[in-house]
Every structure is written in C-alpha cells, then in structure tokens.
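**Q**
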Amino acid sequence: MTSEKKNEYTLRISQANRAGLIVILYEITIDYVEEAIAAASAGEIGSVSFSTANAMRCIEEMQNNLHFEYDLAKSLNRLYTYMKNTLRAAYISGETEGLKDVLSKLKRLKDSYDKIADTDKSGPVMVHTQSVLTGMTYSKDRVLDSLTNETASRGFRV
238 MTSEKKNEYT LRISQANRAG LIVILYEITI DYVEEAIAAA SAGEIGSVSF
288 STANAMRCIE EMQNNLHFEY DLAKSLNRLY TYMKNTLRAA YISGETEGLK
338 DVLSKLKRLK DSYDKIADTD KSGPVMVHTQ SVLTGMTYSK DRVLDSLTNE
388 TASRGFRV
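Each residue of the sequence shown is one higher than the one before, counting from 238 in this note's numbering.
Have a look at this one:
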C-alpha cells in the first residue's frame, strides 16, 4: 500500500463514524487482497506473503469486534474464519483462485456495510481531531487539504 493511500485512509478514519470505520476496514482488506492477486500474477512471492498477512490481520480485527449476542455475528465469524483459512492457503501456495473468492466475498460484504453506513447519522468516533477542509487551497495538478485549529490543544499538557 502506498504512503499516499495510507494518508488517505488515516484522514478518513479520523472523520468516520462507527459504520464508516467498518467500511474503511473492508476497503483496506480489499486493497491488500488485490495487491496479493497482482503480486501472485507477477510471481512476487514475498509481496504475496506480505499482502495476505496484512489482509488476515484485518479480518482478525473484524472477528475480534463481533458482538456474539447476535446470530449474524456467528455467521460472520464462520465466514471470516473461512476467509482467513483461504488466505493462509494462498499464502502458502501462492495461487490466486482462493484470493479471488475471498475478494468477491469481501466486496459483497462491503457493499452491505455501505448501505448500513448510509443510514448511520452518528458523529465521528474520534473527537478532538483537526477539521479538514478539502478544496480550499489548490495546486497546479491536485486539490489540497487544509487543517484547521492546528494550534489548538487536543489533549493533556504535561
């Protein structure tokens, strides 16, 4: 994942509500699986291992945050376990068929969470973050982000 992409996700995470965070986690996982597929097609075994390991960590994070008092969580847990096992097999074998299956399942789940996120009107999870205004300053080839309240205290003083 490029540093530009990481910065984009960091900005989105700082502004996201609870449902939005789940969507972002799915997007990050999808990016890692797509990177693994591309690396496997190029024969870059080390990159396949790195990307599948990161995707498995993302899925583990999803698993760790399930609320098992709901029946849906039990079904999702089984699906996440299947995805991790499939990623692990791809990690070992370097084949892309399992990766493509995991990718399609992740995209379908992300689409479902997108619909849920559209109905979630709660505020951002992170508080005391800088406000970001996009499009207020311009560069020759791209739109820049501006941070507000840069000098304001956002935490404890020692």
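Backbone N, C-alpha and C fix where the C-beta goes; we use that ideal spot for every residue, glycine too.
Mind checking which residues open and close the alpha helix (DSSP H) that includes Gly331?
**A** That residue, Gly331, is in no alpha helix (DSSP H); it is neither H nor E in DSSP.
**Q** Note down, in chain order, each residue of its chain lying with its Cβ closer than 8 Å to the Cβ of Asp351, except the 5 sequence neighbours on either side.
**A** Val260
**Q** By DSSP, does Asp357 sit in helix, in strand, or in coil?
**A** Here Asp357 carries a coil assignment [DSSP, helix/strand/coil].
**Q** Under 6 Å Cβ to Cβ from Lys321, same chain only, skipping five residues before and after it: list those, please.
**A** Met293, Ile296
**Q** For my contact list, Ala256 and Asp338 are in at a C-beta cut-off of 8 Å; report their separation, rounded to the angstrom.
**A** Between Asp338 and Ala256 the Cβ distance is about 26 Å, and since that is not below 8 Å, they are no contact.
**Q** With DSSP collapsed to three states, give me the class of Ala275.
**A** helix
**Q** Excluding five sequence neighbours on each side, which residues of the same chain lie with their C-beta closer than 6 Å to the C-beta of Ser284?
**A** Ala276
**Q** Is the separation between the beta-carbon of Glu264 and that of Lys342 shorter than 8 Å?
**A** no
**Q** Taking the alpha carbon of Lys344 as the reference point, which residue from Thr266, Ile250, Lys311, Asp308 has its own alpha carbon closest?
**A** Closest option to Lys344, Cα to Cα, is Thr266.
**Q** Within the same chain, show all residues whose beta-carbon is closer than 8 Å to that of Thr289, passing over the 5 residues directly before and after it, in chain order.
**A** The residues are Tyr269, Val270, Ala273, Leu324, Arg325, Ala327, Tyr328, Leu336.
**Q** Determine the DSSP secondary structure at Gly280, reduced to helix, strand or coil.
**A** coil
**Q** Report the option in Asn314, Leu309, Leu340, Thr333 whose CA atom is closest to the CA atom of Gly280.
**A** Thr333
**Q** Compare the Cα-Cα distances from Asn302 to each of Asp355, Leu258, Ser286, Tyr319 and report the closest residue.
**A** Closest by C-alpha distance to Asn302, out of Asp355, Leu258, Ser286, Tyr319, is Leu258.
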